[in-house]
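Numbering (the numbering used here), first residue to last: 791 to 904. Worksheet: one structure, shown below.
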Amino acid sequence: MEWGTKPSHSSLSWSGTVLAQVPLAAMRPLLALSVLVVVLSVVLEGPAPAQAAPDVSSTFEQIPGKLKEFGNTLEDKTREAINHIKNSDFATKTRTWFSETFTKVKEKLKDTFS
Numbered sequence: 791m792e793w794g795t796k797p798s799h800s801s802l803s804w805s806g807t808v809l810a811q812v813p814l815a816a817m818r819p820l821l822a823l824s825v826l827v828v829v830l831s832v833v834l835e836g837p838a839p840a841q842a843a844p845d846v847s848s849t850f851e852q853i854p855g856k857l858k859e860f861g862n863t864l865e866d867k868t869r870e871a872i873n874h875i876k877n878s879d880f881a882t883k884t885r886t887w888f889s890e891t892f893t894k895v896k897e898k899l900k901d902t903f904s
């Protein structure tokens, strides 16, 4: 390209660089890959010092609240599971069978020993 002439789109290049040898169609994936590498390096770098682990005393202050929350959640889930089991068809049939069997055994014992 000479001085004073307007460069055409196809003649734009950076002489002496690798980019001068890369076609435009291959430039987009190369740019996307380089952006991806930068983003991954920032993410994998870890938290900034200001975002690092909180103070030990504040962590100890949060423990009772977290334990209470955990206990309440566990209690709610346990009650829900027990109610589900009590109201299930299998549990109802089993209770009915046991009470009928117990009544039959009780009557037989009463007839036998009376």
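Backbone N, C-alpha and C define an ideal beta-carbon position, used for all residues, glycine too. Bear in mind the structure is a predicted one, so any value in this text is a computation, not a measurement.
| Check | Outcome |
| --- | --- |
| Starting from Asp901, trace the alpha helix (DSSP H) both ways and give me its first and last residue. | 879 to 903 |
| Please list the terminal residues of the continuous alpha helix (DSSP H) segment that includes Asp866. | 846 to 876 |
| Are the CB atoms of Ile872 and Ala881 within a distance shorter than 8 Å? | no |
| To the nearest angstrom, report how far apart Arg869 and Phe903 are at their CA atoms. | 43 Å |
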